[in-house]
Amino acid sequence: HVNDILRKSIEELSKSTIAAQLYIAVLPFSSDVAVLHADESGSIFAPVRDWLKWLSASPSPYETNLARAQTNIRLVLDRASDFIDHFRGSDEASVLARRWASAAVVVISDGAHYLEGDEGAETSKDILGHVFFTLNRSENTDFAFVGIGDQADHESMTAWASEASDKQKDLA
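If you read the sequence shown in our numbering, its first letter stands for residue 12, the second for the next number, and so on.
Written out as structure tokens, the structure is:
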């Protein structure tokens, strides 16, 4: 279940030696993308400790803020990249850290990309070009995908994911 994965991931990140330097945004998605806020500041990004506190107080934050529908992975990648790019240039980013050397987007999806439209269904295979353009337009941003459920398109997600550097592999 996505809520459990989100909660467990934040709990594990809070134990990490880099937890104090991590700022996280959570974007639930289906046909649309929502933005969750860990505190009252309205910031898209918040420290791990704020997310841990928020997730502990909320029964099912992911589903509470999003209606179930189709799975638009193309849109969530666009929005995540836009948020990172805009945030890096914002006044808020410079207050939180002197520099933003790298960012990561982790997509947890309980299904393959699927949108029903006037011209028929759009699937994971139909968006390869768009996905690669999005993944390559945001400098120093890594993309990872966690596919859950019977419908997850693991083959596409593996192809879309950024390749881990040797340093990242050593740390993992």
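For each residue, glycine too, the CB sits at the ideal point set by N, CA and C. From a predicted model like this one, the values you see are computed outputs, not experimental measurements.
9 Å Cβ cutoff met for residue i and residue j
i           : j           : result
residue 141 : residue 90  : no
residue 46  : residue 119 : no
residue 173 : residue 146 : yes
residue 133 : residue 126 : yes
Other residues of its chain near residue i: CB distance less than 7 Å, five sequence neighbours each side excluded
i          : result
residue 44 : 38, 86, 87, 90
Residues of its chain near residue i, where Cβ-Cβ distance is below 6 Å and the 5 sequence neighbours each way are ignored
i           : result
residue 164 : 123, 135
Where residue i falls, given that 16 or more other Cβ within 10 Å makes a residue buried
i           : result
residue 116 : buried
residue 176 : exposed
residue 18  : buried
N- and C-terminal bounds of the alpha helix (DSSP H) containing residue i
i          : result
residue 50 : No alpha helix (DSSP H) holds residue 50; DSSP gives it neither H nor E.
residue 33 : Counting along the chain, residue 33 falls outside any alpha helix (DSSP H), and DSSP gives it neither H nor E.
Proximity winner among the options, relative to residue i (alpha-carbon distances)
i           : options           : result
residue 27  : 16, 60, 158       : 60
residue 57  : 19, 106, 82       : 106
residue 168 : 154, 55, 177, 181 : 154
residue 99  : 152, 137, 23      : 152
Boundaries (first-last residue) of the beta strand (DSSP E) holding residue i
i           : result
residue 96  : Here residue 96 belongs to no beta strand (DSSP E); instead the alpha helix (DSSP H) covers 84-99.
residue 153 : 152-158
Neighbour flag for residue i against chain C, beta carbons, 9 Å
i           : result
residue 175 : Looking for chain C here will not work: only one protein chain is present.
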